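In the working numbering, the protein residues as written are 156 to 353.
Before any comments, here is the structure.
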């Protein structure tokens with residue numbers, strides 16, 4: 156009798172584990188499918204800072220004042236040219252349920268040059284039938300990203316982001332979203348390539 160009870164408990168445990176795993180698989184499939192149906196787009200950039208200098212939309216190097224020129228010169232001599240900005244990513248969710256990402260891997264390519272790759276460990280949600288713009292904080296050390304290029308070429312890249320250059324800038328944002336199911340991270344199959352012209 157005791158052997159029968161032990162066997163029954165073992166079978167019940169196996170059934171529960173299998174049932175839970177099946178539910179997780181169904182949930183994973185549903186969440187990935189919701190992400191597949193979402194539309195991603197880049198709305199532009201905002202909050203551009205080059206070596207601590209705020210660059211407003213359409214700003215050129217000739218718009219810098221004396222203090223800002225000195226600040227930029229010091230950055231060149233110290234071989235430190237940090238570029239910070241928010242990449243504005245718009246997500247449209249046509250589903251009747253919330254779409255969510257638990258984290259994302261990404262890379263940014265500007266005019267054919269990959270400037271940075273990294274990840275953002277933050278959860279983002281988009282409600283059913285709605286859209287949202289996600290400001291992704293990006294920080295790039297330009298002297299490292301553009302090693303071997305002149306200081307002028309390096310600083311000019313930042314001003315291109317303001318839209319001041321007469322030649323359009325091609326920005327490619329590659330992103331791999333993740334979902335969290337049962338405490339496990341599951342990656343979106345492949346990368347989403349999102350192009351934008353500044």
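Don't be surprised by glycine CBs; every beta carbon is placed ideally from N, CA and C.
Values in this document were obtained by computation on a predicted structure and should not be read as measured data.
Whole-Å CB distance - residue i paired with residue j, under 8 Å assumed
i, j, result
"residue 293", "residue 263", "7 Å"
"residue 316", "residue 301", "Actually they do not touch by this definition, with Cβ atoms about 14 Å apart."
Nonlocal neighbours in the same chain, by C-beta distance under 7 Å from residue i, ignoring five residues either side
i, result
"residue 192", "249, 250"
"residue 306", "231"
"residue 348", "327, 329"
Cβ-Cβ distance between residue i and residue j below 8 Å
i, j, result
"residue 214", "residue 319", "yes"
"residue 336", "residue 346", "no"
"residue 197", "residue 242", "yes"
"residue 109", "residue 298", "Outside the displayed range of the chain (156 to 353) lies residue 109, so it cannot be described from this structure."
"residue 339", "residue 252", "no"
Beta-bridge pairing of residue i - partner residues as DSSP gives them
i, result
"residue 342", "333"
"residue 233", "Its beta-bridge partners do not exist; DSSP assigns none."
"residue 356", "Summary: the structure shown does not reach residue 356, with the chain confined to residues 156 through 353, and so no result is reported for it."
"residue 196", "245"
"residue 203", "210"
Chain-order list of residues whose beta-carbon lies under 6 Å from that of residue i (same chain, five-residue window excluded)
i, result
"residue 350", "327"
"residue 281", "246, 248, 254, 287"
"residue 256", "279, 332"
Among the options, the one whose alpha carbon lies nearest that of residue i
i, options, result
"residue 272", "208, 324, 281, 259", "259"
"residue 201", "297, 314, 186", "314"
"residue 333", "211, 343, 325", "343"
"residue 295", "186, 199, 240", "240"
Residues near residue i in its chain [Cβ-Cβ closer than 8 Å; skip 5 each side]
i, result
"residue 227", "205, 206, 208, 219, 310"
"residue 274", "258, 259, 260, 261"
"residue 308", "301"
"residue 176", "Reliability fails at residue 176, whose pLDDT of 48 lies under 50, so the model's placement of it is uncertain and the value that follows must be treated cautiously. Counting only Cβ-Cβ distances below 8 Å, and skipping sequence neighbours, we find nothing."
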